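Participant: To start, I am sharing the structure in question, which I have written as structure tokens.
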Amino acid sequence: MSPRVLGLVLLLLVPALRAAPEVPFRACFELASDLHDVPLALLLAVAATESAWDPDARSHANAHGIMQIQWPGTARHLGVRRVAELYNPCLNIDLGARYLRELLDAHDGDEARALASYNYGPTRIARAPELPAGAVRYVETVAAHRARLEEAAAPARAGVEAAAAARTLTFDHRLRAERYAAALNARLEGGVCVVEPLEDGGYRVRLVPEPGGLTLADVSRLEALGWTTAGTTGTTGRKGEAR
Numbered sequence: 024m025s026p027r028v029l030g031l032v033l034l035l036l037v038p039a040l041r042a043a044p045e046v047p048f049r050a051c052f053e054l055a056s057d058l059h060d061v062p063l064a065l066l067l068a069v070a071a072t073e074s075a076w077d078p079d080a081r082s083h084a085n086a087h088g089i090m091q092i093q094w095p096g097t098a099r100h101l102g103v104r105r106v107a108e109l110y111n112p113c114l115n116i117d118l119g120a121r122y123l124r125e126l127l128d129a130h131d132g133d134e135a136r137a138l139a140s141y142n143y144g145p146t147r148i149a150r151a152p153e154l155p156a157g158a159v160r161y162v163e164t165v166a167a168h169r170a171r172l173e174e175a176a177a178p179a180r181a182g183v184e185a186a187a188a189a190r191t192l193t194f195d196h197r198l199r200a201e202r203y204a205a206a207l208n209a210r211l212e213g214g215v216c217v218v219e220p221l222e223d224g225g226y227r228v229r230l231v232p233e234p235g236g237l238t239l240a241d242v243s244r245l246e247a248l249g250w251t252t253a254g255t256t257g258t259t260g261r262k263g264e265a266r
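Using the numbering used here, read the sequence shown as starting at 24 and increasing by one per residue.
Written out as structure tokens, the structure is:
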């Protein structure tokens, strides 16, 4: 899929996703995070460091847009052929997430070296036995932004976890409950859904946050699925419960 077509697809999908007003293009970040398996908080922190979330940003190094994709080298490596495409915010975010995923894979998940490569360039970092001082400062700045994002999300996370603790999804059949739990577990990073039998012969799905708590992406996903609403929901139409 060409970058232009992908940009149009992203723009069509975004209205169906939840967008938080405190972060511009939040839905684009969430979608790119899912598509490229990059932690949402990391992606947001890089954008905050690179451009303060400004989709029209341009640097003296000829980097463009919200994720500051360098032209022409990095942009062409990612399949972009016109610099104007870098000012499509959703496409730019997707490109940044894809590039971050590539760098994380190249460094076996080492976020510090991946971020240093994003900032300094993969070739320069590959040749350096130690991270340059400027790259270290960049990594620390990203970490500080990430910490602030996590702190700001703490009330929302607590609300989702409290609602999830009070919420029960019930199923008539064990297999259906297990399939639902498995589908959600495949997308959760900081929690797990467990299936428990009920006295009346049914089964319930319960969310158990891990010790580190739910991630930003988890909170967004669970809010979109209605897990902020406490109560009992029957997904298979059990008598006396909502469909």
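Ideal Cβ positions, reconstructed from N, Cα and C, are used throughout, including at glycine. Bear in mind that the values here come from a model prediction, so they are computed numbers and not experimental data.
Tell me the DSSP secondary structure of F48 in three-state form.
Facilitator: Position 25 of the sequence shown, counted from the start, is the residue given in the question as residue 48. Of the three classes helix, strand and coil, the one that applies to F48 here is coil, per DSSP.
Participant: In terms of residue numbering, what span does the beta strand (DSSP E) encompassing Y110 cover?
Facilitator: Mapped onto the sequence shown, residue 110 falls at position 87. Y110 -> no beta strand (DSSP E), and no H or E assigned at all.
Participant: In chain order, what residues of the same chain have a beta carbon less than 8 Å from the beta carbon of W250, not counting five sequence neighbours either side?
Facilitator: Position 227 of the sequence shown, counted from the start, is the residue given in the question as residue 250. Correct list, in chain order: V183, A186, A187, R190 and L230.
Participant: Sorted by chain position, which residues of the same chain lie with C-beta nearer than 6 Å to L207's C-beta, five sequence neighbours on each side aside?
Facilitator: The residue given as residue 207 occupies position 184 in the sequence shown. Cβ within range, chain order: C216.
Participant: Is L239 near L63, with beta carbons less than 8 Å apart?
Facilitator: In the sequence shown, residue 239 corresponds to position 216, counting from 1. In the sequence shown, residue 63 corresponds to position 40, counting from 1. Going by C-beta atoms, L239 is nearer than 8 Å to L63.
Participant: Run through the stretch 132 to 215 for me and flag every whole beta strand (DSSP E) of 3 or more residues, listed as ranges in chain order.
Facilitator: List check, beta strand (DSSP E) in window: 190 to 194.
Participant: Measuring only the C-alpha atoms, how far is G235 from G213?
Facilitator: As a position in the sequence shown, residue 235 is number 212, starting the count at 1. As a position in the sequence shown, residue 213 is number 190, starting the count at 1. Taking the straight line from one Cα to the other gives about 7 Å.
Participant: Kindly list the residues whose CB is nearer than 7 Å to the CB of A68, restricted to its own chain and excluding five residues on each side of it in sequence; keep chain order.
Facilitator: Position 45 of the sequence shown holds residue 68. The residues are V165, H168, R169 and L172.
Participant: Whose C-alpha, out of P112, H87 and A176, is nearest the C-alpha of V106?
Facilitator: As a working note, residue 106 is residue 83 in the sequence shown. V106 has its Cα closest to that of H87, out of P112, H87 and A176.
Participant: Go ahead and pull the three-state DSSP assignment for V103.
Facilitator: Translated into positions along the sequence shown, residue 103 becomes position 80. In the structure shown, V103 sits in coil (DSSP, three-state: anything other than H, G, I, E or B).
Participant: With 16 other CB atoms within 10 Å as the buried threshold, where does D241 fall?
Facilitator: Along the sequence shown, one-based indexing puts residue 241 at 218. With 16 or more Cβ atoms within 10 Å of its Cβ, D241 is classed as buried.
Participant: Given this structure, state the Cα-to-Cα distance separating E174 from G96, to the nearest angstrom.
Facilitator: Here residue 174 refers to the residue found at position 151 of the sequence shown. Here residue 96 refers to the residue found at position 73 of the sequence shown. Whole-angstrom Cα-Cα distance: 36 Å.
Participant: Taking A56 as the reference, give the member of A209, T146 and I116 with the closest Cα.
Facilitator: The residue you call residue 56 lines up with position 33 of the sequence shown. It should be pointed out that residue 56 corresponds to Ser in this sequence rather than to Ala. Comparing Cα positions, the closest option is I116.
Participant: Given R210, which residues of its chain have a CB within under 7 Å of its CB, disregarding the five upstream and five downstream residues?
Facilitator: By one-based count along the sequence shown, residue 210 stands at place 187. Hits under 7 Å: R244.
Participant: Which residue's Cα is closest to the Cα of Y226: A247, D195 and G132?
Facilitator: Here the question's residue 226 lines up with position 203 in the sequence shown. Nearest C-alpha to Y226: D195.
Participant: Counting only runs that start and end within the stretch 54 to 84, where is the alpha helix (DSSP H) found for 4 or more residues in a row?
Facilitator: The stretch 54 to 84 contains these whole alpha helix (DSSP H) runs: 63 to 74.
Participant: Would V61 and R136 qualify as a contact pair, given that the criterion is a beta-carbon distance under 8 Å?
Facilitator: Taking the first residue of the sequence shown as 1, we reach residue 61 at position 38. Taking the first residue of the sequence shown as 1, we reach residue 136 at position 113. Cβ atoms of V61 and R136: not closer than 8 Å.
Participant: The alpha helix (DSSP H) spanning L230 covers which residue range?
Facilitator: Position 207 of the sequence shown, counting from 1, holds the residue named residue 230. Unbroken run through L230 is the beta strand (DSSP E), Y226 to P232; no alpha helix (DSSP H).
Participant: In this structure, how does DSSP classify E125 when only helix, strand and coil are distinguished?
Facilitator: Locating residue 125 in the sequence shown gives position 102, counting from the first residue. Helix, per DSSP.
Participant: Quickly, what does DSSP pair E219 with across the bridge? List them, please.
Facilitator: As a first step, residue 219 is located in the sequence shown; it is residue number 196 there, counting from the start. Beta-bridge pairing links E219 to R227.
Participant: Which one or two residues does DSSP pair with I89 in a beta bridge?
Facilitator: Taking the first residue of the sequence shown as position 1, residue 89 is located at position 66. None, per the DSSP bridge assignment.
Participant: Candidates A50, A75, R180 and A71: which alpha carbon is nearest P232's?
Facilitator: Locating residue 232 in the sequence shown gives position 209, where the first residue counts as 1. P232 has its Cα closest to that of R180, out of A50, A75, R180 and A71.
Participant: Is the CB-CB distance between Y141 and Y122 below 8 Å?
Facilitator: Here residue 141 is taken as the residue at index 118 of the sequence shown, counted from 1. Here residue 122 is taken as the residue at index 99 of the sequence shown, counted from 1. Yes, Cβ-Cβ distance for Y141 and Y122 is below 8 Å.
Participant: Could you check the C-alpha separation between P44 and I89 for me, to the nearest Å?
Facilitator: What you label residue 44 is simply residue 21 of the sequence shown in a count that begins at 1. What you label residue 89 is simply residue 66 of the sequence shown in a count that begins at 1. Reliability fails at P44, whose pLDDT of 40 lies under 50, so the model's placement of it is uncertain and the value that follows must be treated cautiously. Whole-angstrom Cα-Cα distance: 16 Å.
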